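Take a look at the structure below.
Numbering (our numbering), first residue to last: 349 to 409.
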């Protein structure tokens, strides 16, 4: 189940910062906007990676 989730997340919302955001912003704002989006994506992934094991243990998953 986890592998299926990872595959569909990678083809769907996981690629948004790298594919869609550079097309939205003008040339001057593109590097800063893409940087913010990518950092936000990585920090969110890091937070989920830290929090999920704690939730899994507390729910006796």
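Where is the CB? At the ideal position from N, CA and C, for every residue including glycine.
The structure presented is a predicted model; accordingly, all values stated were derived computationally and were not measured.
Look up residue 408 in the DSSP assignment and say whether it is helix, strand or coil.
Residue 408: coil per DSSP, three-state reduction.
Of the listed residues 378, 385 and 398, nearest to residue 361 (C-alpha basis):
If we check each option's Cα against that of residue 361, 385 comes out closest.
At a cut of 8 Å, does the segment 378–397 reach the segment 352–369 through at least three beta carbon pairs?
Touching, per the Cβ criterion.
So residue 382 packs on residue 401, CB below 8 Å; how close in whole Å?
Wrong, their Cβ atoms sit about 30 Å apart, outside the cutoff.
Neighbourhood of residue 396 by C-beta distance below 7 Å, restricted to the same chain and skipping five residues each side
Excluding positions up to five away in sequence, the list is empty.
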